[in-house]
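The structure under discussion appears below in the form of structure tokens.
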Amino acid sequence: MDVSCYQRRPKEPKLLFPMIIEILSWLPVESLLRFKSVNKNWSSSMEEYSFISKHMNRTRPVRLKYRLTKQPGYIALGSEENYECMFIVAGLVLEKHSSSQVCRIRNPATHQVLYLPDAHLGVNLMVSTFNSSTGEVKLVASYRENNEAGFEVLTVGKDENWRPLKYPNQGMSNKQAKRRQFLLADKADAGVCYCAETLTDGQDMYLEVHCLDLWSETFMTATLPGGVFSDLSKARIISWNQSIAVVDIIDEALHALVLEDFKEQKWSRYKNIVPMKFLKETRFPEGGSIVPSSVDSDDLRFVYNNGEVVLVYDMKMHKVKSFIRRRFDGEGWGNHRPSLMSFEGMRPEEEGASTSTTQE
């Protein structure tokens, strides 16, 4: 009797699950959205923040169409007509309705949207900070009421309502406070906001810079040394290389005192003085004013007429690097880094509100 011998075929090698997840982390968002329906384990892994963070650092930028609006400093993304973009963080867009107080967080890549609870009436600025380690996003809104500044904070996806913050000079009776400015530090993950006030006490006037740490939700106050500026009513604060500076234009020069460490209330020993004779040689449209905006490395940025013109001056080379005239109600394309970021309560965008993107 013949005995036939059969040789077993070797098994085909299979990819280990961690290797599959590693490969997925390099794919574009559009592909990942399709793969989420293939395997439940894949889907659950792609919803974990560790994967979202890794993918966000690896994904390629896309070209996102935008439309300039009549309101300086704002744009509208995609074909959306009724919402203006206030800022972008972690692939998410904070948008405000052009004719109401309604705000929303939108992910242009996943076409998901989260409508935020109504903020305080009279909000004049809203900024964000992002914790890249946990994926937490916090928003802070500033407003004016009864000649006082007020602040509210919201943790996106967790808080059902805005939470008021106790402001250092709220309810002061013996001094008249005037709110000057409010802005976020250069680094998105710094989590620090600044508000400057000029205060009068009889004939005396002084300037305070209040630093809001968004993660601890506490204020710290640094007072500008006396005698640095002769007229504090003209002083303003600007972002200065991940710090803050009080500046004024005096005799064709920009004078700046930098708050180097707000926790220690440490100011720079000397004022930075930047000659500005180049402004006389530059032709600006009539009817506006030019103001310093920010400093990044050696680049000093000015804006004119609420952003109609942006001028960048190289403080090291002492020359104008760029002069940009901004055309309102125009269209263009910008780079946008998409992400899978999502929050509880997000739902699909309304039909027809999706944003079209083209791969760079």
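Read in full-length UniProt numbering, the sequence shown has 84 at position 84, and its numbers run on one by one without any break. Each residue gets a CB set at the ideal place from its N, CA and C atoms; glycine is no exception. It should be emphasised that the depicted structure is a prediction, and the values quoted were computed from it without experimental measurement.
Review point. For the candidate residues LEU212, LEU207 and ARG236, whose alpha-carbon lies nearest to that of PRO225?
Key: LEU207
Check your understanding: In angstroms, rounded to a whole number, what distance separates the CA positions of LEU33 and LYS54?
Key -> 16 Å
Check your understanding: Short check: CB of MET126 to CB of ALA141, under 8 Å?
Key -> yes
Review point. Under three-state DSSP, which class holds GLU160?
Key: coil
Point to revise | Contacting residues, own chain, Cβ-Cβ under 6 Å from HIS210 (five flanking each side not counted) | key: PRO168, CYS195, PHE219 and THR221
Point to revise | Backbone secondary structure at PRO117 - three-state DSSP | key: coil
Practice item. Please go through the same chain and pick out, in chain order, the residues whose beta-carbon is closer than 8 Å to the beta-carbon of ASN335, but skip the five residues on each side of it. Key: PRO61, VAL62, ARG63, LEU64 and GLU360
Review point. DSSP puts GLU308 in a beta bridge; with which residues?
Key: Looking at the DSSP assignment, GLU308 forms no beta bridge with any residue, so it has no partner.
Practice item. Kindly indicate which three-state DSSP category ARG63 falls into: helix, strand or coil? Key: strand
Practice item. Just tell me which of VAL310, MET315 and LEU212 has its CA closest to the CA of SER322. Key: VAL310
Review point. Hey, would you say SER268 sits closer than 8 Å to LEU254, going by beta carbons?
Key: no
**Study point:** Beta-carbon proximity check, PHE87 vs SER132, cutoff 8 Å
**Key:** no
Review point. How should ILE237 be labelled, buried or exposed, when 16 other C-beta atoms within 10 angstroms of its C-beta is the threshold for buried?
Key: buried
Exercise for review: Give the DSSP bridge partners of residue 366, in chain order.
Suggested key: In this structure the chain extends from 1 to 360, so residue 366 is not present and cannot be described.
Check your understanding: Taking DSSP as the reference, what is the three-state secondary structure of ARG58?
Key -> helix
Exercise for review: With DSSP as the reference, label ASN146 as helix, strand or coil.
Suggested key: coil
Practice item. Rounded to whole angstroms, what's the CA-CA distance from TYR49 to LYS96? Just pull it up for me. Key: 27 Å
Point to revise | For VAL29, the first and last residue of its enclosing beta strand (DSSP E) | key: VAL29 -> not in any beta strand (DSSP E); alpha helix (DSSP H) instead, spanning 29-35.
Check your understanding: Can you tell me the Cα-Cα spacing of GLU264 and THR223, whole angstroms?
Key -> 11 Å
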